[in-house]
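K.L.:
Have a look at the structure that comes next, please.
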Amino acid sequence: MMIKKLALFLFFLVFSGLLLAQEPNGDASAEKKVFIDNLLSKMTLQEKVGQLRLVSVGGDLTLNKVLDQIQAGEIGGIFNTVVEPDLSQMQERALKSPNKIPLFLGFDVIHGHRTVFPINLGIASTWDRSAIAKAAEVSADEATSDGLNITWAPMVDITRDPRWGRVSEGFGEDPYLTSEAGRIFVEKMQKQSLADKKSLVTSVKHFALYGAVEGGREYNSTDMSERKMFQEYLVPYKAAIDAGSRVVMVSLVSVNGIPATANHWLLTEVLRNQWHFDGVVVSDHGAIRELINHGVASDPKDAVRVAIKAGIDISMNDEYFLQFVPELVKEGAISEDEINQACRHVLELKYDMGLFSDPYRNLDPKLDIETMFANDRLHRKEARDVARRSIVLLKNNDEILPLTKNKKIAIVGPLADSQRDILGSWSGAGRVNLAVTPLEGIKRAVNNSNSVSYAFGANLSDDANLYRFLNLYGETSKFDNRPADKMITEAVKIAKKADVVIAFVGEAEGMAHESSSRTDLSLPATQKQLLKALKKTGKPLVIVLMNGRPLTLSEEYAQADAMLETWFLGTEGGNAIADVLFGDYNPSGKLPMSFPYNVGQIPVYYSHLNTGRPRGTENMGKYTTSYFDSPNEPLFPFGFGLSYTNFAMDFSLSSSEMNKNGEIIVKVNVENIGNKEGMQTVQLYLQDVTASVSRPVKELIGFENISLKPHEKGEVEFVIKYDMLKFWNDKMQYVAEPGKFNVFIGSDSTTQNKQTFTLLD
Numbered sequence: 000m001m002i003k004k005l006a007l008f009l010f011f012l013v014f015s016g017l018l019l020a021q022e023p024n025g026d027a028s029a030e031k032k033v034f035i036d037n038l039l040s041k042m043t044l045q046e047k048v049g050q051l052r053l054v055s056v057g058g059d060l061t062l063n064k065v066l067d068q069i070q071a072g073e074i075g076g077i078f079n080t081v082v083e084p085d086l087s088q089m090q091e092r093a094l095k096s097p098n099k100i101p102l103f104l105g106f107d108v109i110h111g112h113r114t115v116f117p118i119n120l121g122i123a124s125t126w127d128r129s130a131i132a133k134a135a136e137v138s139a140d141e142a143t144s145d146g147l148n149i150t151w152a153p154m155v156d157i158t159r160d161p162r163w164g165r166v167s168e169g170f171g172e173d174p175y176l177t178s179e180a181g182r183i184f185v186e187k188m189q190k191q192s193l194a195d196k197k198s199l200v201t202s203v204k205h206f207a208l209y210g211a212v213e214g215g216r217e218y219n220s221t222d223m224s225e226r227k228m229f230q231e232y233l234v235p236y237k238a239a240i241d242a243g244s245r246v247v248m249v250s251l252v253s254v255n256g257i258p259a260t261a262n263h264w265l266l267t268e269v270l271r272n273q274w275h276f277d278g279v280v281v282s283d284h285g286a287i288r289e290l291i292n293h294g295v296a297s298d299p300k301d302a303v304r305v306a307i308k309a310g311i312d313i314s315m316n317d318e319y320f321l322q323f324v325p326e327l328v329k330e331g332a333i334s335e336d337e338i339n340q341a342c343r344h345v346l347e348l349k350y351d352m353g354l355f356s357d358p359y360r361n362l363d364p365k366l367d368i369e370t371m372f373a374n375d376r377l378h379r380k381e382a383r384d385v386a387r388r389s390i391v392l393l394k395n396n397d398e399i400l401p402l403t404k405n406k407k408i409a410i411v412g413p414l415a416d417s418q419r420d421i422l423g424s425w426s427g428a429g430r431v432n433l434a435v436t437p438l439e440g441i442k443r444a445v446n447n448s449n450s451v452s453y454a455f456g457a458n459l460s461d462d463a464n465l466y467r468f469l470n471l472y473g474e475t476s477k478f479d480n481r482p483a484d485k486m487i488t489e490a491v492k493i494a495k496k497a498d499v500v501i502a503f504v505g506e507a508e509g510m511a512h513e514s515s516s517r518t519d520l521s522l523p524a525t526q527k528q529l530l531k532a533l534k535k536t537g538k539p540l541v542i543v544l545m546n547g548r549p550l551t552l553s554e555e556y557a558q559a560d561a562m563l564e565t566w567f568l569g570t571e572g573g574n575a576i577a578d579v580l581f582g583d584y585n586p587s588g589k590l591p592m593s594f595p596y597n598v599g600q601i602p603v604y605y606s607h608l609n610t611g612r613p614r615g616t617e618n619m620g621k622y623t624t625s626y627f628d629s630p631n632e633p634l635f636p637f638g639f640g641l642s643y644t645n646f647a648m649d650f651s652l653s654s655s656e657m658n659k660n661g662e663i664i665v666k667v668n669v670e671n672i673g674n675k676e677g678m679q680t681v682q683l684y685l686q687d688v689t690a691s692v693s694r695p696v697k698e699l700i701g702f703e704n705i706s707l708k709p710h711e712k713g714e715v716e717f718v719i720k721y722d723m724l725k726f727w728n729d730k731m732q733y734v735a736e737p738g739k740f741n742v743f744i745g746s747d748s749t750t751q752n753k754q755t756f757t758l759l760d
């Protein structure tokens with residue numbers, strides 16, 4: 000009987016292929032509908048609910064319990080398991096369930112898998128589409144090689160408050176840069192077909208506005224005008240969905256008073272009806288239970304009803320669906336049609352992934368974890384290249400960098416030799432013991448360990464509670480029990496004997512993570528004391544930052560002779576830092592977020608609106624938009640980043656006028672006027688001068704990289720099209736209005752190099 004069923008199924012697949020070959024557009028959607036309809040007709044309500052449950056092995060839910068539930072048809076997907084033979088065993092049990100529906104297998108593949116790439120804020124600092132693509136491709140290749148087929152990425156939340164810990168997981172403050180990074184992640188991870196064995200289904204998150212939480216405090220509320228949402232904050236989610244992301248993960252915050260998990264307007268009216276998203280909507284971890292705390296559900300059963308009515312398909316870390324959905328259907332509180340629709344979304348995704356025809360895709364029960372994560376399976380070359388492109392040069396007085404390799408170098412700081420910290424947050428599958436620290440990378444580069452001395456210098460913080468909170472002992476961040484003055488004395492001693500001091504300071508990876516919000520963005524006192532002592536030696540001081548968010552660094556900026564922002568660079572971070580320090584790679588990174596002078600400036604971002612009393616306006620005295628104790632401007636602006644060489648740029652517009660069917664060609668002449676080869680990121684900004692609503696002073700609408708040898712000239716070209724001029728007007732219509740537009744070209748968002756054109760009526 001089983002052989003006959005298999006033969007019929009194979010015939011169905013062959014027949015489907017013949018139809019697709021005969022029809023260019025195929026009849027695949029009709030065939031899929033028939034397949035899903037037939038499957039749904041055979042499923043019990045309990046099995047349908049099972050497809051809406053995403054669970055993780057752990058705690059009371061042991062592997063054996065999970066296996067039993069899978070075989071009963073009560074689980075549709077697994078997350079957080081990344082080892083064999085467990086994955087194969089789970090899929091085997093799924094194929095013994097009543098309707099033999101395969102599982103999908105998920106994991107957080109955020110910035111790499113076995114090979115860890117820079118955190119996403121670092122990847123965004125490359126401003127390089129090829130580097131972003133490489134990180135996404137390698138991540139998907141490694142994850143699928145381990146049998147995984149879905150990930151909870153990319154995170155495209157616009158983040159303008161660096162107090163929020165998950166800043167590290169996103170791509171920064173700008174809608175366009177974040178949209179480009181998110182789009183590339185989706186395209187390169189999912190591939191052209193979900194049935195591709197190297198396709199990793201993406202889950203764009205967190206829909207919506209998670210990065211706009213009040214006070215930068217995790218799981219907090221968000222309140223925002225509809226115009227600002229659609230003009231800025233919703234743009235990257237839409238870009239990722241348009242790129243084909245088949246899953247959307249919902250945020251854990253309230254949006255204008257209604258939790259996103261319970262927000263029908265957000266999940267159904269906008270996502271489904273306006274944007275025509277037909278994929279799967281998944282709640283975040285524990286979000287359905289939290290609706291009770293939010294005050295929009297009276298009890299667990301009511302929370303399930305509210306979430307399903309809003310538009311949730313899958314319950315992540317499900318506690319309640321299996322228990323309460325059948326009751327709710329029986330009582331008429333929700334309809335079986337609603338459950339059928341949610342189940343259909345899940346089954347269609349599995350169908351498109353090819354799981355019904357190849358449920359064991361990439362699974363290998365004989366693949367042990369040591370083989371799976373072995374050093375020779377890492378993509379070190381690609382990781383090193385992306386890591387060094389992520390480094391941002393913030394200061395370089397008297398061209399102290401690059402260093403020559405014959406200098407005596409003192410390496411100091413609590414992050415200089417930490418394998419765990421350099422991997423950054425959300426690097427769960429990365430192997431700590433395979434990471435290259437800065438100390439190791441520098442020693443390799445100079446090929447003479449005798450010329451490099453090292454001192455720990457200071458603990459990350461003297462706050463014992465912080466260490467306990469972050470669980471930073473053991474194999475995580477190092478902690479030294481010696482008195483602080485003894486550690487500093489040791490560091491000063493080696494600094495005095497060196498030609499140059501390199502201090503590695505910043506945050507532990509756990510300080511820039513989910514649930515790691517901060518009110519103080521300065522370096523901890525222990526590290527500040529260390530830097531002051533090193534500065535007093537009179538030796539040239541290079542400060543290398545390792546952190547997951549913009550910090551307040553005005554004091555450190557004044558102390559440093561040179562300063563590098565390196566974020567958390569991943570597996571090859573130490574080698575990448577050495578490449579830049581010694582000039583084997585000319586730094587080209589640009590900041591994806593503004594760095595404030597102090598926390599009181601937050602939010603500080605480049606694309607702010609005009610004001611009626613701008614700072615510097617004549618004859619207004621002090622009555623302008625300004626602080627009396629701080630600059631308005633950030634310490635480091637969005638898009639900023641130096642090089643070991645210098646570039647000159649000028650540009651021209653193809654016309655001073657444009658109609659709705661036309662376009663403006665922007666030609667930029669770039670010259671390397673320095674003595675080293677380097678790469679420049681040419682940034683294109685636009686300002687709508689007069690409109691029916693106030694418009695930003697600048698908006699990024701394009702960027703391109705160009706590499707030039709010393710004194711070489713090159714050209715970059717942009718095209719400004721009519722749709723790029725559109726915005727949400729006073730009637731919430733998406734339009735372009737006739738009038739004057741300023742075009743800016745430069746190397747960061749402060750550029751005043753502008754020309755003007757007019758959009759005709």
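Going by numbering that gives the first Met the number 0, the sequence shown runs without a break in its numbering and finishes at 760.
The beta-carbon is built from N, C-alpha and C at its ideal position, and this holds for glycine as well.
Quick one: what's got a C-beta closer than 8 angstroms to G243's C-beta in the same chain, skipping five residues either side?
P.N.:
Locating residue 243 in the sequence shown gives position 244, where the first residue counts as 1. Hits under 8 angstroms: V185, E186 and Q189.
K.L.:
Below 7 angstroms CB to CB, which residues in the same chain sit around E662 once its five sequence neighbours on both sides are set aside?
P.N.:
Numbered from 1 along the sequence shown, position 663 holds the residue referred to as residue 662. Excluding sequence neighbours, E662 sits near V718, I719 and K720.
K.L.:
Can you grab the Cα-Cα spacing for the pair F702 / F740, in whole Å?
P.N.:
As a first step, residue 702 must be located in the sequence shown, where it is residue number 703. As a first step, residue 740 must be located in the sequence shown, where it is residue number 741. Rounded to whole angstroms, F702 to F740 spans 18 angstroms at the Cα level.
K.L.:
So F726 and Q230 are in contact, right, with Cβ under 8 angstroms, and what is the actual spacing, rounded?
P.N.:
Walking along the sequence shown from the start, residue 726 turns up at place 727. Walking along the sequence shown from the start, residue 230 turns up at place 231. Their Cβ separation, rounded to whole angstroms, is 6 angstroms, which keeps F726 and Q230 in contact under 8 angstroms.
K.L.:
Hey, would you say F635 sits closer than 8 angstroms to P117, going by beta carbons?
P.N.:
The residue labelled residue 635 in the question sits at position 636 within the sequence shown. The residue labelled residue 117 in the question sits at position 118 within the sequence shown. Against a cut-off of 8 angstroms, the Cβ pair of P117 and F635 comes out as no contact.
K.L.:
What's the call for I174, buried or exposed, on a 16-neighbour Cβ count within 10 Å?
P.N.:
If you number the sequence shown from 1, residue 174 lands on position 175. Note on residue identity: the sequence assigns Pro, not Ile, to residue 174. P174 is buried by the Cβ-count criterion.
K.L.:
Alpha helix (DSSP H) containing D687: first to last residue?
P.N.:
Within the sequence shown, residue 687 is the residue found at index 688, counting from 1. First-last for D687: G677 to D687, but that is the beta strand (DSSP E), not the alpha helix (DSSP H).
K.L.:
Roughly how many whole angstroms lie between the Cα atoms of G278 and G310?
P.N.:
For this step, residue 278 is matched to residue 279 along the sequence shown. For this step, residue 310 is matched to residue 311 along the sequence shown. Whole-angstrom Cα-Cα distance: 11 angstroms.
K.L.:
By how many angstroms is the C-alpha of M562 removed from the C-alpha of I69?
P.N.:
Taking the sequence shown and counting its residues from 1, the one referred to as residue 69 is at position 70. Taking the sequence shown and counting its residues from 1, the one referred to as residue 562 is at position 563. Going from the Cα of I69 to the Cα of M562 covers about 53 angstroms.
K.L.:
Going by DSSP, name the residue or residues bridged to L77.
P.N.:
Position 78 of the sequence shown, counting from 1, holds the residue named residue 77. This sequence places Ile at residue 77; Leu is not what is there. Partner(s): V54 and L104.
K.L.:
Can you tell me which of the three DSSP states Q191 falls into?
P.N.:
Residue mapping note: residue 191 aligns to position 192 of the sequence shown, counting from 1. Q191 falls in the coil class under three-state DSSP.
K.L.:
Do you know offhand how far T276's Cα is from L208's?
P.N.:
Reading the sequence shown from its first residue, position 277 is the one you call residue 276. Reading the sequence shown from its first residue, position 209 is the one you call residue 208. The question names Thr, but residue 276 is Phe in the sequence shown. Their Cα atoms are separated by approximately 18 angstroms.
K.L.:
What do you get for E554, buried or exposed, if any count of 16 or more other CB atoms within 10 angstroms of its CB means buried?
P.N.:
The residue labelled residue 554 in the question sits at position 555 within the sequence shown. Its Cβ having fewer than 16 others within 10 Å, E554 is exposed.
K.L.:
Could you compute how far the alpha carbon of T158 sits from the alpha carbon of P364?
P.N.:
For the purposes of this step, residue 158 is identified with residue 159 of the sequence shown, where counting begins at 1. For the purposes of this step, residue 364 is identified with residue 365 of the sequence shown, where counting begins at 1. Taking the straight line from one Cα to the other gives about 41 angstroms.
K.L.:
For a quick check, are the C-beta atoms of N728 and S691 less than 8 angstroms apart?
P.N.:
Start at 1 with the first residue of the sequence shown, and residue 728 comes out as number 729. Start at 1 with the first residue of the sequence shown, and residue 691 comes out as number 692. Yes; because the gap between Cβ atoms is below 8 angstroms, this pair is in contact.
K.L.:
Whole-angstrom Cβ separation of V541 and A130, contact assumed at under 8 angstroms?
P.N.:
Walking along the sequence shown from the start, residue 541 turns up at place 542. Walking along the sequence shown from the start, residue 130 turns up at place 131. About 24 angstroms; that fails the 8 angstroms criterion.
K.L.:
Give me the Cα-Cα distance between T518 and F468, rounded to the nearest whole angstrom.
P.N.:
Position 519 of the sequence shown, counting from 1, holds the residue named residue 518. Position 469 of the sequence shown, counting from 1, holds the residue named residue 468. Looking at the two C-alpha atoms, the distance is approximately 16 angstroms.
K.L.:
Can you tell which of S629, F639, A575 and V598 has its C-alpha closest to the C-alpha of Y605?
P.N.:
If you number the sequence shown from 1, residue 605 lands on position 606. Nearest C-alpha to Y605: F639.
K.L.:
Between which two residues does the alpha helix (DSSP H) holding K41 run?
P.N.:
Mapped onto the sequence shown, residue 41 falls at position 42. Here the alpha helix (DSSP H) through K41 covers A27 to K41.
K.L.:
Rounded to whole angstroms, what's the CA-CA distance from S55 to L392? Just pull it up for me.
P.N.:
Indexing the sequence shown from 1 puts residue 55 at position 56. Indexing the sequence shown from 1 puts residue 392 at position 393. Rounded to the nearest angstrom, the two C-alpha atoms are 42 angstroms apart.
K.L.:
Which residue comes first and which comes last in the beta strand (DSSP E) that contains Q754?
P.N.:
If you number the sequence shown from 1, residue 754 lands on position 755. Its beta strand (DSSP E) spans residues K753 to L758.
K.L.:
Between G763 and V247, what straight-line distance do the alpha-carbon atoms span, to the nearest angstrom?
P.N.:
As shown, the chain starts at 0 and ends at 760. That puts residue 763 outside it, with no answer to give.
K.L.:
According to DSSP, simplified to helix, strand and coil, what is L761?
P.N.:
Any property of residue 761 remains undetermined from this structure, which presents the chain solely from 0 to 760.
K.L.:
With S424 as the anchor, note down where its alpha helix (DSSP H) starts and where it stops.
P.N.:
Looking up residue 424 in the sequence shown gives position 425. Element bounds for S424: n/a, residue is neither H nor E.
K.L.:
Hey, would you say L120 sits closer than 8 angstroms to P591, going by beta carbons?
P.N.:
One-based indexing of the sequence shown puts residue 120 at position 121. One-based indexing of the sequence shown puts residue 591 at position 592. Yes, they are a contact pair.
K.L.:
Which two residues bound the contiguous alpha helix (DSSP H) that contains K712?
P.N.:
Here residue 712 is taken as the residue at index 713 of the sequence shown, counted from 1. Segment K712 to K720 is the beta strand (DSSP E) holding K712; no alpha helix (DSSP H) there.
K.L.:
Name the DSSP beta bridge partners of M562, please?
P.N.:
Numbered from its first residue, the sequence shown carries residue 562 at position 563. M562 pairs with K394 and I542.
K.L.:
Leaving out five residues before and five after E347 in sequence, what residues of the same chain have Cβ atoms less than 7 angstroms from its Cβ?
P.N.:
If you number the sequence shown from 1, residue 347 lands on position 348. Residues of the same chain with a CB within less than 7 angstroms of the CB of E347, apart from the 5 flanking positions on each side, are K31 and I35 in chain order.
K.L.:
Can you list the beta strand (DSSP E) stretches of 3 or more residues lying completely in the region 322–376, in chain order?
P.N.:
none
K.L.:
Over what stretch of residues does the alpha helix (DSSP H) that includes I122 continue unbroken?
P.N.:
For this step, residue 122 is matched to residue 123 along the sequence shown. N119 to S124 is the extent of the alpha helix (DSSP H) around I122.
K.L.:
Assuming A261 is part of the alpha helix (DSSP H), what are its boundary residues?
P.N.:
Residue numbering aside, residue 261 sits at position 262 when the sequence shown is read from its first letter. Neither: A261 is in no alpha helix (DSSP H) and is coded neither H nor E.
K.L.:
Looking at the structure shown, is I307 part of a helix, part of a strand, or coil, going by DSSP?
P.N.:
Here residue 307 corresponds to residue number 308 of the sequence shown, with the count starting at 1. The answer is helix: DSSP assigns I307 an H, G or I state.
K.L.:
Give me the residue from I313, I390 and L699 with the minimum Cα distance to R52.
P.N.:
Translated into the one-based positions of the sequence shown, residue 52 becomes position 53. When each option's Cα is compared against that of R52, the closest is I313.
K.L.:
Assuming the contact rule is C-beta atoms closer than 8 angstroms, V249 and V280 should be a hit. Round their C-beta distance to whole Å, please.
P.N.:
Here residue 249 is taken as the residue at index 250 of the sequence shown, counted from 1. Here residue 280 is taken as the residue at index 281 of the sequence shown, counted from 1. At roughly 6 angstroms, the Cβ-Cβ gap stays under 8 angstroms, so V249 and V280 are in contact.
K.L.:
According to DSSP, is G505 part of a helix, a strand, or is it coil?
P.N.:
Taking the sequence shown and counting its residues from 1, one reaches residue 505 at position 506. In the structure shown, G505 sits in a strand (DSSP, three-state: E or B).
K.L.:
With DSSP as the reference, identify every bridge partner of P695, one or two as the case may be.
P.N.:
Counted from its first residue, the sequence shown places residue 695 at position 696. Looking at the DSSP assignment, P695 forms a beta bridge with L608.
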